[in-house]
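Student: If you read the sequences in order, they're chains C and H. For the first sequence, the positions run 127 to 222 when my numbering is used. For the second sequence, the positions run 127 to 222 when my numbering is used. Built from N, CA and C at the ideal position, the CB exists for glycine as well. None of these values were measured; they are calculated from a predicted model. Handing you this structure, nothing more for now.
Protein chains: 2
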Amino acid sequence: MFKDLDPLLHSQLRLAIVSLLVSVEETEFSFIKEQTNATAGNISVQLDKLQEAGYIKIEKTFKGKYPLTKCSITKKGIKAFEDYVKTIQQYIQPGK
Amino acid sequence: MFKDLDPLLHSQLRLAIVSLLVSVEETEFSFIKEQTNATAGNISVQLDKLQEAGYIKIEKTFKGKYPLTKCSITKKGIKAFEDYVKTIQQYIQPGK
DNA sequence: GTAAAGTAGTTTATTTTATAAACCAAATTT
DNA sequence: AAATTTGGTTTATAAAATAAACTACTTTAC
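Structure follows, in structure tokens:
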């Protein structure tokens, strides 16, 4: 009945990050920080986990003299997100 | 942008339990166990948390000589579930 | 030119959760 | 009457989320 929810995506912050990336294709660390109101440390940790899982790609560049971290979603990440969405529908549409 | 997800419901097992209770009105411990495939211990702990939060009501009765735990959802629980569903839509319908 | 404050993060430590394993009390089966 | 089953609870452990502290460099103000 209740299929397991991908634990990597069943986390408020990681789900928010992936949700953002699914729609914008590429974004910066600072943008994620703005949109999620999470702390930088928390975001840093969660981005690493998503990258390790192959769900996102992280590119470290520079904007002028400052470091700039760019993130984008991978095919695997899109697939995982779509699966997660399908699965959680089972939980939030009871009876269906 | 991303509203906080109620941490009490953003748990695979508690969400499954509440999802069940929303549709069935009253159910037994054993039925929850069947439907979720979770261990009894895990269910016991999560039911307590949901009860403490006032999301469910737990009634301990007997079926013949055996103990029988019946659970039902409260108004507060229904409200919390509906809020959770609305909130997670923001995460899983990107762009919308 | 150097001290203070800001940018852009990372690392480490702490708290909280989720989960499983072990346990309990009574009933039933062999 | 010993072993197993029912219906759970309690305790212990593993994993997660989060915050606090830190790094490295840049800019601004004195």
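#1: Since I believe L135(C) is in contact with A206(C) (beta carbons under 8 Å), could you give me their beta-carbon distance rounded to a whole number of angstroms?
#2: Can you tell me which of the three DSSP states T162(C) falls into?
#3: Name, in chain order, the residues that DSSP records as bridge partners for F188(H).
#4: For Y217(H), count the other beta carbons within 10 Å of its own beta carbon; 16 or more makes it buried, fewer makes it exposed. Which is it?
#5: Please state the DSSP three-state secondary structure of T200(H).
#6: With 8 Å as the threshold, decide whether the Cβ of V171(H) is near any Cβ in chain C.
#7: Using only CA atoms, which one of I143(C), T200(C), F155(C) and D174(C) lies nearest to K189(C)?
#8: Count the other CB atoms within 10 Å of the CB of Q215(C); is the residue buried (16 or more) or exposed (fewer)?
#9: Inspect the beta-carbon positions of L173(C) and I143(C) and report whether they are closer than 8 Å.
#10: So, is L194(H) buried or exposed, given that buried needs 16 or more other C-beta atoms within 10 angstroms?
Tutor: Judging by the given coordinates:
#1: As a first step, residue 206(C) is located in the first sequence; it is residue number 80 there, counting from the start. As a first step, residue 135(C) is located in the first sequence; it is residue number 9 there, counting from the start. Yes, they are in contact, since the Cβ atoms of A206(C) and L135(C) sit about 6 Å apart, within 8 Å.
#2: Position 36 of the first sequence holds residue 162(C). Correct three-state label for T162(C): helix.
#3: By one-based count along the second sequence, residue 188(H) stands at place 62. P193(H), per the DSSP bridge assignment.
#4: In the second sequence, the residue the question calls residue 217(H) occupies position 91. Buried, since its Cβ has 16 or more Cβ neighbours within 10 Å.
#5: Translated into positions along the second sequence, residue 200(H) becomes position 74. In the structure shown, T200(H) sits in coil (DSSP, three-state: anything other than H, G, I, E or B).
#6: Here residue 171(H) is taken as the residue at index 45 of the second sequence, counted from 1. Taking 8 Å as the CB threshold, V171(H) stays off the interface with chain C.
#7: If you number the first sequence from 1, residue 189(C) lands on position 63. Of I143(C), T200(C), F155(C) and D174(C), the residue nearest in Cα terms is F155(C).
#8: Counted from its first residue, the first sequence places residue 215(C) at position 89. An exposed status is given to Q215(C), since fewer than 16 other beta-carbon atoms sit within 10 Å of its beta-carbon.
#9: As a first step, residue 173(C) is located in the first sequence; it is residue number 47 there, counting from the start. As a first step, residue 143(C) is located in the first sequence; it is residue number 17 there, counting from the start. Yes, the Cβ-Cβ distance between L173(C) and I143(C) is below 8 Å.
#10: Indexing the second sequence from 1 puts residue 194(H) at position 68. Label assigned to L194(H): exposed.
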